[in-house]
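Below is one structure, written out as structure tokens, with a few remarks after it.
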Amino acid sequence: LLLKRSSGGQETLPLTARYYQTLTSVESGSANATATLNLTYQ
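As structure tokens, this is what we get:
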């Protein structure tokens, strides 16, 4: 993921996510998720 040089403040990162069917039968319900993003500044 390449980001442009920032002048500081809040940034928007173009991230996406998908859900994949892993069972034969799928039912409706909650689809909660979390993500952890670690950035290294150089």
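According to our numbering, the sequence shown is numbered sequentially starting from 693.
Where is the CB? At the ideal position from N, CA and C, for every residue including glycine.
These numbers come from a predicted model, not from an experiment.
Check your understanding: S720: which of Y711, T704, L705 and Q702 sits nearest, CA to CA?
Key -> Residue mapping note: residue 720 aligns to position 28 of the sequence shown, counting from 1. Looking at the Cα atoms, Y711 is the closest of the given residues.
Exercise for review: Give me the Cβ distance between A709 and A723, rounded to the nearest whole Å; I'm assuming they're in contact under 8 angstroms.
Suggested key: Here residue 709 refers to the residue found at position 17 when the sequence shown is read from its first residue. Here residue 723 refers to the residue found at position 31 when the sequence shown is read from its first residue. The Cβ separation is near 10 angstroms, so there is no contact.
Point to revise | Span separating the alpha-carbon of L729 from that of Q713 | key: Counted from its first residue, the sequence shown places residue 729 at position 37. Counted from its first residue, the sequence shown places residue 713 at position 21. Rounded to the nearest angstrom, the two C-alpha atoms are 24 angstroms apart.
Review point. Alpha carbon to alpha carbon, what distance is there between A727 and Q641?
Key: Any question about residue 641 goes unanswered here, given that the chain covers just 693 to 734.
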